[in-house]
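Here the structure is laid out as structure tokens; the discussion comes afterwards.
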Amino acid sequence: GAVVSQHPSWVICKSGTSVKIECRSLDFQATTMFWYRQFPKQSLMLMATSNEGSKATYEQGVEKDKFLINHASLTLSTLTVTSAHPEDSSFYICSASEGSSYEQYFGPGTRLTVT
Amino acid sequence: QQPVQSPQAVILREGEDAVINCSSSKALYSVHWYRQKHGEAPVFLMILLKGGEQKGHDKISASFNEKKQQSSLYLTASQLSYSGTYFCGTEPNAGGTSYGKLTFGQGTILTVHP
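Set out below in structure tokens:
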């Protein structure tokens, strides 16, 4: 199946700093990428949808100035958590799908801890 | 609108069968099933698009009812590797304009014992 990678796997940062998470589709072109957030023992919450070359669409309640998303190419999307605070600590997962296919393939996730 | 999964948890012995349900109050465009193991990302299992559809591979199969409001995931002759949390992700019937944007159920924790 299709492979999606995320980098880093985990990151610890200090409050007030920014963190960038990369999501790459390794063997297919992802016209659409999705960013999710997952708290322990909870479901995946969609944060935003990003299409290559256009602005991301954010879900209600997600601050677009805090969670910056860039989908610069058909294989790379980035999520930058700006001015991170402890409440931003979470498991962030990206997924990607090809234009002609409906399956979403998930990256391995990034665990962010803000101290 | 978040779909409702049932049961919340199920415990099996190896070789036993299980059914996990996913229900929506409105007709859906598609249902996607995923399995997630602790600390890992969800793994795609299958997608159903047509009312009345049934599909599967190996001993895992799924169905989508005619009204496209309920899907069930069937796990037969369970193996230890089946343990994990199963999520259904649903796409609303918005003429395809939501294009892959999924809302996930709360998950069903499946534990298989030897």
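In the order they appear, the protein sequences are chains A and B.
For the first sequence, our numbering assigns the number 1 to the initial residue and increments by one for each residue that follows.
For the second sequence, our numbering assigns the number 1001 to the initial residue and increments by one for each residue that follows.
Note that beta-carbon positions come from the ideal geometry of N, C-alpha and C, so glycine has one too.
Cα-Cα separation, residue 30 (chain A) to residue 1054 (chain B)
Here residue 30 (chain A) corresponds to residue number 30 of the first sequence, with the count starting at 1. Here residue 1054 (chain B) corresponds to residue number 54 of the second sequence, with the count starting at 1. Taking the CA atoms as reference points, residue 30 (chain A) sits about 27 Å from residue 1054 (chain B).
Beta strand (DSSP E) containing residue 1043 (chain B): first to last residue?
Indexing the second sequence from 1 puts residue 1043 (chain B) at position 43. Its beta strand (DSSP E) spans residues 1043-1048.
Determine the direct distance from the alpha carbon of residue 105 (chain A) to that of residue 27 (chain A), and round the result to whole angstroms.
The count along the first sequence starts at 1 and reaches residue 27 (chain A) at position 27. The count along the first sequence starts at 1 and reaches residue 105 (chain A) at position 105. Rounded to the nearest angstrom, the two C-alpha atoms are 11 Å apart.
Could you give the distance in angstroms between the alpha-carbon of residue 79 (chain A) and the alpha-carbon of residue 20 (chain A)?
The residue labelled residue 79 (chain A) in the question sits at position 79 within the first sequence. The residue labelled residue 20 (chain A) in the question sits at position 20 within the first sequence. In a straight line, the C-alpha of residue 79 (chain A) is about 6 Å away from that of residue 20 (chain A).
What does the alpha-carbon distance come out to for the pair residue 87 (chain A) and residue 114 (chain A)?
As a working note, residue 87 (chain A) is residue 87 in the first sequence. As a working note, residue 114 (chain A) is residue 114 in the first sequence. Each residue's alpha carbon lies about 8 Å from the other.
Using the rule of at least 16 other Cβ atoms within 10 Å of the residue's Cβ for burial, across every protein chain shown, is residue 1073 (chain B) buried or exposed?
As a working note, residue 1073 (chain B) is residue 73 in the second sequence. The residue is buried, with at least 16 neighbouring Cβ atoms inside 10 Å.
If you reduce the DSSP assignment to three classes, tell me which class residue 40 (chain A) lands in.
On the first sequence, position 40 is the one that residue 40 (chain A) refers to. Correct three-state label for residue 40 (chain A): coil.
What are the partner residues of residue 33 (chain A), as DSSP defines its beta bridges?
One-based indexing of the first sequence puts residue 33 (chain A) at position 33. In the DSSP output, where bridge partners are listed per residue, residue 33 (chain A) has A:50, A:96.
Identify every residue that forms a DSSP beta bridge with residue 106 (chain A).
Residue numbering aside, residue 106 (chain A) sits at position 106 when the first sequence is read from its first letter. Under DSSP, residue 106 (chain A) shares a beta bridge with A:95.
Range of the contiguous beta strand (DSSP E) that encloses residue 73 (chain A)
Start at 1 with the first residue of the first sequence, and residue 73 (chain A) comes out as number 73. Following the DSSP letters along the chain, one finds residue 73 (chain A) inside the beta strand (DSSP E) bounded by residues 67-73.
Closest Cα partner of residue 1085 (chain B) within the set B:1002, B:1025, B:1091, B:1041:
By one-based count along the second sequence, residue 1085 (chain B) stands at place 85. Among B:1002, B:1025, B:1091, B:1041, the Cα nearest to that of residue 1085 (chain B) belongs to B:1041.
Please confirm whether residue 1028 (chain B) and residue 1114 (chain B) have their CB atoms less than 8 Å apart.
The residue given as residue 1028 (chain B) occupies position 28 in the second sequence. The residue given as residue 1114 (chain B) occupies position 114 in the second sequence. For residue 1028 (chain B) and residue 1114 (chain B), no; Cβs fall outside 8 Å.
Sorted by chain position, which residues of the same chain lie with C-beta nearer than 6 Å to residue 1143 (chain B)'s C-beta, five sequence neighbours on each side aside?
Given that chain B is displayed from residue 1001 to residue 1114, the structure contains no residue 1143 (chain B) and the question cannot be resolved.
Would you call the CB atoms of residue 45 (chain A) and residue 58 (chain A) closer than 8 Å?
Locating residue 45 (chain A) in the first sequence gives position 45, counting from the first residue. Locating residue 58 (chain A) in the first sequence gives position 58, counting from the first residue. With respect to the 8 Å criterion, residue 45 (chain A) and residue 58 (chain A) are not classified as neighbours on the basis of their beta carbons.
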